[in-house]
Amino acid sequence: MKRFIDPCCEKCNHSKETPCKDFVECCTNGPICHEDASCAAKRKAIIDRVALNEHFVIF
Amino acid sequence: MSSEGATLIQQPEIDLNEVDALLKPYLGKKGMAIPVLQKLQERYGYLPRPALEYAAAQLKIPLSRLYGVATFYAQFKMQPRGRYIIRVCKGTACHIQGSPKVAERIEEILGIKVGETTPDLKFTLEEVACIGACALAPVMMINDEPHGRLTPDRIKEILDSYE
Amino acid sequence: MYEKHLMICGATGCLSSGSAKVHQALVEELAKHKLEKKCRLVMTGCPGFCEVGPIIVIYPDEVFYCRLKPQDIPELVEKHLLGGEIVERLLYKGPDVDAPARFYDTIPFYRKQKFNVLRNSGIIDPENIDEYIMRGGYRALSRALKMEPMEIIDEVKRSGLRGRGGAGFPTGLKWEFTYKAVGDKKYVVCNADEGDPGAFMDRSILEGDPHAVLEGMLIAARAIGSDEGYIYCRAEYPLAIKRLKTAIAQAEEYGFVGENILGYGFNFKFNIKEGAGAFVCGEETALLASIEGKRGMPRPRPPFPATSGLWGKPTVINNVETYANIPLILREGGLEEFVKIGTEGSKGTKVFALAGKIRNTGLCEVPMGITLREIIFDIGGGIKGGREFKAVQAGGPSGGCIPAEKLDLPVDYDSLTQAGAIMGSGGLVVMDDRTCMVDLARYFLSFTQKESCGKCIPCREGTKRMLEILERITEGLGKPDDLDRLQELASTIKDSALCGLGQTCPNPVLSTIRYFRHEYEEHINEKFCRSGVCKSLFDYFIDPELCNGCTRCARICPVGAISGERKETHVIDPEICTRCGSCVERCRQEAIKVTRVRREADVNH
Numbered sequence: 001m002k003r004f005i006d007p008c009c010e011k012c013n014h015s016k017e018t019p020c021k022d023f024v025e026c027c028t029n030g031p032i033c034h035e036d037a038s039c040a041a042k043r044k045a046i047i048d049r050v051a052l053n054e055h056f057v058i059f
Numbered sequence: 001m002s003s004e005g006a007t008l009i010q011q012p013e014i015d016l017n018e019v020d021a022l023l024k025p026y027l028g029k030k031g032m033a034i035p036v037l038q039k040l041q042e043r044y045g046y047l048p049r050p051a052l053e054y055a056a057a058q059l060k061i062p063l064s065r066l067y068g069v070a071t072f073y074a075q076f077k078m079q080p081r082g083r084y085i086i087r088v089c090k091g092t093a094c095h096i097q098g099s100p101k102v103a104e105r106i107e108e109i110l111g112i113k114v115g116e117t118t119p120d121l122k123f124t125l126e127e128v129a130c131i132g133a134c135a136l137a138p139v140m141m142i143n144d145e146p147h148g149r150l151t152p153d154r155i156k157e158i159l160d161s162y163e
Numbered sequence: 001m002y003e004k005h006l007m008i009c010g011a012t013g014c015l016s017s018g019s020a021k022v023h024q025a026l027v028e029e030l031a032k033h034k035l036e037k038k039c040r041l042v043m044t045g046c047p048g049f050c051e052v053g054p055i056i057v058i059y060p061d062e063v064f065y066c067r068l069k070p071q072d073i074p075e076l077v078e079k080h081l082l083g084g085e086i087v088e089r090l091l092y093k094g095p096d097v098d099a100p101a102r103f104y105d106t107i108p109f110y111r112k113q114k115f116n117v118l119r120n121s122g123i124i125d126p127e128n129i130d131e132y133i134m135r136g137g138y139r140a141l142s143r144a145l146k147m148e149p150m151e152i153i154d155e156v157k158r159s160g161l162r163g164r165g166g167a168g169f170p171t172g173l174k175w176e177f178t179y180k181a182v183g184d185k186k187y188v189v190c191n192a193d194e195g196d197p198g199a200f201m202d203r204s205i206l207e208g209d210p211h212a213v214l215e216g217m218l219i220a221a222r223a224i225g226s227d228e229g230y231i232y233c234r235a236e237y238p239l240a241i242k243r244l245k246t247a248i249a250q251a252e253e254y255g256f257v258g259e260n261i262l263g264y265g266f267n268f269k270f271n272i273k274e275g276a277g278a279f280v281c282g283e284e285t286a287l288l289a290s291i292e293g294k295r296g297m298p299r300p301r302p303p304f305p306a307t308s309g310l311w312g313k314p315t316v317i318n319n320v321e322t323y324a325n326i327p328l329i330l331r332e333g334g335l336e337e338f339v340k341i342g343t344e345g346s347k348g349t350k351v352f353a354l355a356g357k358i359r360n361t362g363l364c365e366v367p368m369g370i371t372l373r374e375i376i377f378d379i380g381g382g383i384k385g386g387r388e389f390k391a392v393q394a395g396g397p398s399g400g401c402i403p404a405e406k407l408d409l410p411v412d413y414d415s416l417t418q419a420g421a422i423m424g425s426g427g428l429v430v431m432d433d434r435t436c437m438v439d440l441a442r443y444f445l446s447f448t449q450k451e452s453c454g455k456c457i458p459c460r461e462g463t464k465r466m467l468e469i470l471e472r473i474t475e476g477l478g479k480p481d482d483l484d485r486l487q488e489l490a491s492t493i494k495d496s497a498l499c500g501l502g503q504t505c506p507n508p509v510l511s512t513i514r515y516f517r518h519e520y521e522e523h524i525n526e527k528f529c530r531s532g533v534c535k536s537l538f539d540y541f542i543d544p545e546l547c548n549g550c551t552r553c554a555r556i557c558p559v560g561a562i563s564g565e566r567k568e569t570h571v572i573d574p575e576i577c578t579r580c581g582s583c584v585e586r587c588r589q590e591a592i593k594v595t596r597v598r599r600e601a602d603v604n605h
C-alpha cells in the first residue's frame with residue numbers, strides 16, 4: 001500500500017467505480033470496515049513517510 | 001485592445017492540413033472559440049489569417065465573430081512576433097519602482113515601441129498587467145525567463161545576452 | 001522513513017529568484033552523499049516570504065533558510081543534514097531581529113499571521129493528494145455529503161463568510177439564491193482570473209493547495225444541486241493551471257470527482273478554462289461570457305448569475321480564496337472555530353499580497369480586524385531603505401489610497417470602504433515619499449482605460465477624458481478647474497457605468513484627491529512634482545554639502561549630463577538631463593535632490 005487509494009487487503013473495495021462512504025475517515029483512522037493491525041500499520045506507514053512532525057496530521 | 005506594430009511583416013505560408021488536425025479535438029463542443037484560438041497561437045505564435053478563416057468555417061461561426069473574439073483579448077496577436085518576447089510588467093508595484101523607465105530604455109535600445117517587433121524578428125516588446133512576482137519589482141520576462149530588480153542601466157547587458 | 005523533509009518553495013516568486021537552480025543543486029548534493037532515502041525533497045507552494053527567496057524549510061527541525069544560492073547547498077547539506085548543526089549564515093537576518101532567526105517562533109514576518117487559507121501552503125506537496133487528506137482534506141466534503149443542501153447553506157451563512165474577490169457579498173446568501181433558483185442544470189464557477197496588478201493571493205493558493213479549492217467547489221455544488229463546474233484561470237498562471245489539472249486527475253482517481261461520489265449518488269465534473277488576457281473578465285458576467293467563447297463583456301444585472309448565469313442556467317460564482325475557506329467551515333467543529341476569528345461584520349482571515357516599497361514583500365494571512373499599521377510595520381517590516389511611509393493602495397484599480405493618518409484603521413470590509421478604498425482581492429501596494437500620487441492616479445486610469453471593454457459610454461469615454469486631464473496635469477499643463485472637472489466626471493462614471501469595474505474605476509482618483517489634494521495643487525499651480533516622478537515638473541541637482549565627488553553618478557549617466565572632477569562636487573546640466581533617475585539610485589550619499597524647475601518664462605501662469 002503506497003497510497004491511500006491502494007487497498008490494504010482484499011476486504012477493501014473502495015475505488016471510483018465502487019465507492020466507500022467511509023473512505024476519507026479510513027485513510028487516516030482506518031481500517032473502518034474490519035479490524036486488522038497490519039492494515040492499520042500500512043496506513044500509518046504512508047503517513048509516517050511524509051508527515052513533517054507530530055502536528056502534521058489533523059484528525 | 002491589443003496594439004499591433006506599425007511594421008508590416010510578411011506572413012509565411014501555412015499548411016491547412018495541420019490546422020485541421022489541431023482543430024479536431026475541439027469540434028462539436030460548446031464555447032470552444034477561445035481554446036481554439038489559444039491552440040493556434042501556441043502553434044504559430046500569432047493567428048495567421050488563413051488559419052482563422054479555416055477555423056471559423058469548421059466551428060460554424062462567422063469569421064467576423066471569431067475575429068471579434070480574437071481582437072478582444074490581449075493574448076491574441078495578428079502579426080508574426082519575434083523569437084524573444086519581452087514582457088515588461090506594468091503592475092502597480094513595478095510601476096512605482098520604475099518599470100516605465102525600464103520600458104523606455106528597451107525602446108531606445110531596440111528602436112521599437114511597446115507592441116512592436118524588430119524588423120529582424122528577434123525581439124517583440126510587450127507589456128503585461130502583472131506577473132505576480134512583485135517581490136522582485138520591477139520585473140520583465142524574456143520568453144519564460146524572469147529578470148527582476150531591474151534598473152535602466154542593466155538592460156543593455158541583459159538584451160545582449162540573447163542571441 | 002525520512003529523517004528530514006526539505007520543503008523548497010516552488011512558487012512563482014521563488015522560481016523567479018532562482019529556486020529551480022537551488023533545487024537542482026540539492027538533488028545533486030543529496031545524491032553525492034547518498035541521502036536520497038533519508039531526506040525528502042519537495043517543491044511546495046508559497047510560504048509567503050517572497051522577499052527573501054529562494055526559501056527552504058527543513059522539518060521536523062522547522063529551520064528556515066533563505067536567500068539561497070546553488071553554491072550554498074554543499075555547506076547546507078554537510079552541516080545541517082550530515083552534521084546536525086544549523087547554518088547560521090543562511091538564516092533570516094534583518095533589522096527587525098537581534099540575532100539570526102529560525103522560523104515561526106522568531107521571524108517577525110510570521111508572528112502576527114493566522115493561517116487558515118494558507119494552512120497547507122509550503123507544508124504539503126501540492127501534487128500529492130494523500131498529504132492533503134492527512135491535513136484533514138476531504139473531511140468537510142464527506143460531512144457535507146451526509147447533509148441536506150439547506151443545512152450546508154445554513155452553516156455557510158452562519159459563518160459570516162463574505163466573498164473574498166472584492167465586493168464582500170455574503171457567500172451563504174449567494175448559494176441560497178442559486179439553490180432556490182429553478183433550472184434543469186446548475187453550474188459552479190471559480191473566478192481565478194486574478195487581474196488586479198500587484199495581487200497574487202489566488203495564484204499562491206492554487207499553486208500551494210489546489211485541493212482546497214476543489215473541495216470548496218464540490219461542497220458548493222452539493223449545496224446548490226450542480227453537477228458541473230468551471231475554473232476560469234489566467235493563462236499567465238501556467239503553474240497554477242498545471243497543479244489544478246494534476247489535482248483534478250487525482251481527485252477523480254480517488255473518487256472525489258466523477259460519478260456517484262463516495263457512494264452518495266452525487267456527480268460532478270470539472271472544466272478548466274484559460275483566460276486570454278482581459279482584466280474585465282474578472283467581472284462575473286464578463287467571465288461567464290468568456291467561458292461561453294464570446295468577447296468578455298459584462299451585461300446588466302439583474303438577472304444575477306444566481307438565476308441566469310452560464311448558458312442561462314443558475315450559477316454560483318465565487319473566487320479562489322472564498323472556496324478555499326469552505327472546507328474549514330464545513331468540517332466537524334469548523335464553524336465554531338471560524339467565527340472566533342475576525343470582527344462582527346467580517347469573519348475569518350484575509351490573505352494580502354504585500355508589494356511596493358515595503359521591506360518584506362510577500363504574502364500574509366491575517367485575522368480580519370488587524371490594523372493596517374500592524375500589517376505594514378510589524379509583518380511588512382516598514383518601508384524599504386528606512387524612507388517615509390506615504391500611502392498604501394488597497395484594492396487595485398477599483399480601490400483607493402489610504403494615507404498615514406488612517407493607518408490605525410482595522411482591516412475589514414466596512415472600514416476600508418468608508419476610507420474610500422475597498423478590501424478588494426487583497427493587493428496592498430505600499431508607497432513612500434518618492435511616489436507621486438498624481439502619477440499613481442494617472443497610472444490606474446491608463447490601466448482601466450486600456451482595459452475598458454467599450455460596451456458602455458461612461459467607462460469608455462469617461463475614463464478617456466479623465467486620463468487626458470491627468471496626463472495634462474503630470475505634464476505641467478494642468479488648469480485650476482481640472483480638479484472639479486475630474487470629480488464631476490468621476491461621480492458620473494460611478495453612477496452610470498454598466499459593471500462593477502466601471503463604477504469603481506474612479507476610486508484611485510477620488511481617494512488621492514481626498515487625501516493628497518495638495519499634491520495635485522502643487523502640480524497644477526506651482527508646476528512642481530516633489531516626488532521626482534513627473535519628468536517635466538522637477539530638476540535634479542547635486543547638493544554640494546553631501547557630494548564627495550566619487551564620480552559614480554557621472555559614470556552611470558546615459559546622456560553625459562553630469563560633470564565634475566574626482567573628489568570635487570559634481571553638477572547636473574538640466575538641459576541635457578533626461579530625469580531617468582539612474583544617478584539617484586547610484587549615489588551612496590543621497591546627494592541628488594529634487595528641486596523646482598527654474599523657468600525663465602515663469603511669470604504668467
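Residue numbers (this note's numbering), protein chains in the order written: chain U, 1 to 59; chain P, 1 to 163; chain L, 1 to 605. C-beta atoms are modelled at their ideal positions from N, C-alpha and C, and glycine is treated no differently.
beta-carbon residue i near the ligand ZN non-hydrogen atom, thresh 7 Å
i	result
I556(L)	Summarising the ligand content, the structure contains no ligands, and the ligand ZN is consequently not present.
DSSP-derived helix/strand/coil call for residue i
i	result
C9(L)	strand
G396(L)	helix
M140(P)	strand
V125(P)	Looking at the sequence provided, one finds Leu at residue 125(P) rather than Val. Strand at L125(P).
A306(L)	coil
N525(L)	helix
I158(P)	helix
K90(P)	coil
E228(L)	strand
I383(L)	strand
Amino acids of chain P, ordered along the chain, whose beta-carbon sits closer than 7 Å to that of residue i
i	result
C580(L)	K101, P152
Residue range of the beta strand (DSSP E) that includes residue i
i	result
R353(L)	Reading the sequence as shown, one finds Ala at residue 353(L) and not Arg. Where A353(L) is concerned, the enclosing beta strand (DSSP E) stretches over 349-356.
G362(L)	362-367
I261(L)	Here I261(L) belongs to no beta strand (DSSP E), and DSSP marks it neither H nor E.
Boundaries of the alpha helix (DSSP H) in which residue i is found, first to last residue
i	result
C202(L)	Sequence check: residue 202(L) is Asp here, not Cys. Taken as a continuous stretch (DSSP letters only), the alpha helix (DSSP H) holding D202(L) covers 201-208.
M150(L)	149-159
Y323(L)	320-330
P100(L)	Segment: none, P100(L) is in no alpha helix (DSSP H) and carries neither H nor E.
Where residue i meets chain U, residues with beta-carbon distance less than 9 Å
i	result
I261(L)	K16, P19
Chain-ordered neighbours of residue i on chain L, where CB pairs are closer than 7 Å
i	result
V3(U)	Residue identity differs from the one stated: residue 3(U) is Arg in this sequence, not Val. Here the neighbours are D130.
A51(U)	M134
Listed by chain order, chain P residues near residue i by CB distance under 9 Å
i	result
Y443(L)	K90, T92, H95, I96, P100
Chain-ordered neighbours of residue i on chain L, where CB pairs are closer than 9 Å
i	result
D36(U)	The premise fails here: D36(U) is roughly 20 Å from chain L at the closest Cβ pair, so nothing lies under 9 Å.
P62(P)	Within 9 Å Cβ-Cβ: nothing; P62(P) doesn't reach chain L, min ~13 Å.
M32(P)	G293
Neighbouring residues, chain P, relative to residue i (Cβ below 8 Å)
i	result
G296(L)	F72, Y73
(message) Tell me which residues of the region 20-31 of chain U have at least one Cβ-Cβ distance to chain L shorter than 9 Å, keeping chain order.
(response) Residues passing the 9 Å Cβ filter: C20, K21, D22, F23, V24, E25, C27, T28.
(message) Does the region 276-288 of chain L come into contact with the region 433-442 of chain L, if we say contact requires no fewer than three beta-carbon pairs (one atom in each stretch) closer than 8 Å?
(response) Contact between the region 276-288 of chain L and the region 433-442 of chain L is absent, with fewer than three C-beta pairs closer than 8 Å.
(message) For the region 121-134 of chain P, list every residue whose C-beta sits within 8 Å of some C-beta in chain L, in sequence order.
(response) For the region 121-134 of chain P, which is checked against every Cβ of chain L, the residues closer than 8 Å are V128, A129, C130, I131, G132, A133, C134.
(request) May I ask you to list, following chain order, the residues of the region 57-73 of chain L that have a beta carbon less than 7 Å from some beta carbon of chain P? (result) Cβ contacts with chain P: none found.
(message) Between the region 406-416 of chain L and the region 339-348 of chain L, can you find at least three pairs of beta-carbon atoms closer than 8 Å?
(response) Contact annotation: the region 339-348 of chain L touches the region 406-416 of chain L, with at least three C-beta pairs closer than 8 Å.
(message) If contact is defined by three or more beta carbon pairs under 8 Å, each pair taking one atom from either stretch, is the region 6-19 of chain L in contact with the region 128-146 of chain P?
(response) Yes, the region 128-146 of chain P touches the region 6-19 of chain L.
(request) Anything in the region 94-108 of chain L with a Cβ closer than 9 Å to a Cβ of chain U? List those residues in chain order, please. (result) The residues in question: there are none.
(request) Examine the Cβ distances between the region 423-435 of chain L and the region 486-498 of chain L and report whether three or more of them are shorter than 8 Å. (result) Contact between the region 423-435 of chain L and the region 486-498 of chain L is not established, with fewer than three Cβ pairs separated by less than 8 Å.
(request) Anything in the region 403-424 of chain L with a Cβ closer than 8 Å to a Cβ of chain P? List those residues in chain order, please. (result) Cβ contacts with chain P: none found.
(request) Output, in sequence order along the chain, the residues in the region 240-269 of chain L whose CB is closer than 9 Å to any CB in chain U. (result) The region 240-269 of chain L vs chain U, Cβ under 9 Å: Q250, E252, E253, Y254, G255, F256, V257, G258, E259, N260, I261, L262, G263, Y264.
(message) For the region 451-473 of chain L, list every residue whose C-beta sits within 8 Å of some C-beta in chain P, in sequence order.
(response) Residues passing the 8 Å Cβ filter: E451, C453.
(request) Give the residues from the region 4-38 of chain L that approach chain P closer than 8 Å (Cβ to any Cβ), ordered along the chain. (result) Listed in sequence order: T12, G13, L15, S16, S17.
(message) Using a Cβ-Cβ cutoff of 8 Å, what residues of the region 559-573 of chain L are near chain U? List them in chain order.
(response) From the region 559-573 of chain L, no residue has a Cβ closer than 8 Å to chain U.
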